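Scroll down for the structure; my scribbles are underneath it.
Chains as they are written, first to last, in the numbering used here: chain A, 1 to 345; chain B, 346 to 490.
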């Protein structure tokens, strides 16, 4: 199989799944081929609707993805799935097991599932996840479901990658603590209490409701006294995240979830929030990539030895961090000026 | 920094025991591979399709049911059908000595019996790709342009 990025892209657009798989690997590996590919497919992106699914381990994210996929396939839409699991920081290895619960789509040419290891990145997604999403978008998948790592507290990256973010909770996972931890609830466009047939589901639902408190201060009993707690998070303008109950294994509540996603999609379009989000996201990605490339240029320009020298000086407290940064910027300054802004003679 | 080696561990057929498969999956992860595990009761088509979508370098098949002579060659066949000719296919489980030559002729590169140390398997995969086990850990760091 060729590794030429442009040929791979043409074949993948024509429906060659092996070419698509190879193309995703190239994007994941990074480097020159990935840049070339990314540029080639970018004009074809922006058509898919991206749904992020996050939540603690054991909440049933993969099973929910499986159920949503089935629902979208019944509506005749094609589905690309990206399932992210963590890499070990010690060995670099990873065990990617999300496919186990995504078997319904086996053999369906309208579905493509790709597992990804985080490869050192934090925040619940891998570094190349957004490139992979764009590639699935560019080859024509209509729905893209992205399942995050599942640490439950830090995966806020998904808010940068998805149109609609679903935060999944399940009874019996220590929810009352989890729910109070900031970050994860704030990114939710839709909240799902999965495994709603299990004991404790009502309590989980109640806790989530009071966290979001739906316009009313929640009343809790503290040392026997009723007291009101203030809303932690003001509801986002015009959209209050609905809380739904599902049993993903049986499909219960899935039609309602699909419906809620459609309502959110309509809200994004009508309110202009969708456009604003897309703008914020692409600006943020531009900044992140520029930072990365600039740093690569610094390393290339000043060299490892010089960097190590600076680190030694920092450790000995001979200079401070900001001064070290100033020095590095000074050293690459001439190269930037020369290259991009030639001085007049 | 080489390419990260991706391995699919799959259980073809109907036996319901995946302890061995899970032990291997974990050992390969600990060695630095990216391992995709697909669970029990997979048809050869499902395995080949997962191998294709995940763009794996290795397919490891675990089988205890005794159906290896029919199922394993069919997995190879399904892989070839999809153009996955360069994927390394290995097998493990309860497979009698006398069946091994026929399986090798069918495209299974090696068969590891019960009691094989995980190091032996790691070593075999590394030799196939011409790398050293100690290089696995550093592989796959995304390259900057």
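Ideal Cβ positions, reconstructed from N, Cα and C, are used throughout, including at glycine. Since we're looking at a predicted model, the values are computed, not measured.
Proximity of residue 150 (chain A) to chain B, defined by a Cβ-Cβ separation below 8 Å, is not satisfied. Interface criterion met: the Cβ of residue 1 (chain A) is under 8 Å from a Cβ in chain B.
Boundaries cannot be given for residue 126 (chain A), as no alpha helix (DSSP H) includes it and DSSP labels it neither H nor E. Assignment of beta strand (DSSP E) within the region 46 to 95 of chain A, counting only whole runs of 3 or more residues, yields 49 to 54 and 79 to 85 in chain order. Pairing residue 93 (chain A) with residue 373 (chain B) gives a Cβ-Cβ distance under 8 Å. Using beta-carbon distances, residue 364 (chain B) does not count as an interface residue toward chain A, since no partner is under 8 Å.
Residue-level contact by beta carbon fails for residue 278 (chain A) and chain B, as no gap is shorter than 8 Å. The residues 160, in chain order, have a CB closer than 6 Å to that of residue 281 (chain A) in the same chain once the five nearest residues on each side in sequence are set aside. The three-state reading of DSSP puts residue 160 (chain A) in helix, counting H, G and I together. At least one CB atom of chain B sits nearer than 8 Å to the CB of residue 91 (chain A).
Setting aside the 5 residues that flank it on each side, residue 453 (chain B) is surrounded in the same chain by 417, 434 and 436, each with a C-beta closer than 6 Å to its C-beta; the list follows chain order.
Taking the C-beta atoms as reference points, residue 139 (chain A) is found nearer than 8 Å to residue 12 (chain A). DSSP lists B:387 as the beta-bridge partner residues of residue 357 (chain B).
Within its own chain, the residues whose Cβ lies closer than 6 Å to the Cβ of residue 136 (chain A), once the five positions on either side in sequence are excluded, are 80 and 144, listed in chain order.
Per DSSP, residue 245 (chain A) lies in no alpha helix (DSSP H) segment; the continuous beta strand (DSSP E) that holds it begins and ends at 243 to 245. At a Cβ-Cβ threshold of 8 Å, residue 444 (chain B) and residue 413 (chain B) count as neighbours. Bounds of any beta strand (DSSP E) do not take in residue 1 (chain A), whose DSSP letter is neither H nor E. At a cut-off of 8 Å, the C-beta of residue 8 (chain A) has no neighbouring C-beta in chain B. With its beta carbon less than 8 Å from one in chain A, residue 378 (chain B) belongs to the interface. For the set A:96, A:306 and A:104, the Cα lying nearest the Cα of residue 116 (chain A) is the one of A:96. Residues of chain B whose Cβ lies closer than 9 Å to the Cβ of residue 112 (chain A) are, in chain order, 398.
Our two residues, residue 408 (chain B) and residue 5 (chain A), have alpha carbons roughly 37 Å apart in a direct line. At a cut-off of 8 Å between beta-carbon atoms, residue 288 (chain A) makes no contact with chain B. Excluding the 5 residues flanking it on each side, residue 245 (chain A) has same chain C-beta neighbours closer than 6 Å at 193, 196 and 253, in chain order. For the region 22 to 50 of chain A, residues whose beta-carbon sits nearer than 8 Å to a beta-carbon of chain B comprise 22, 24, 25, 28, 29, 30, 31, 32, 34 and 35. Taking 8 Å as the cut-off, the beta carbon of residue 431 (chain B) is found no closer than this to the beta carbon of residue 351 (chain B). Contact check for residue 120 (chain A) and residue 87 (chain A): beta-carbon distance about 6 Å, within the 8 Å limit, so the pair qualifies.
Neighbours of residue 383 (chain B) in chain A, taken as residues at a C-beta separation under 7 Å, are given in chain order as 99 and 100. Residue 35 (chain A) is not a Cβ neighbour of residue 69 (chain A), given a cutoff of 8 Å. For the region 406 to 426 of chain B, no residue has a beta-carbon sitting nearer than 9 Å to a beta-carbon of chain A. Taking the C-beta atoms as reference points, residue 482 (chain B) is found nearer than 8 Å to residue 91 (chain A). Residues of chain A with a Cβ closer than 8 Å to the Cβ of residue 375 (chain B) are, in chain order, 88, 91 and 93.
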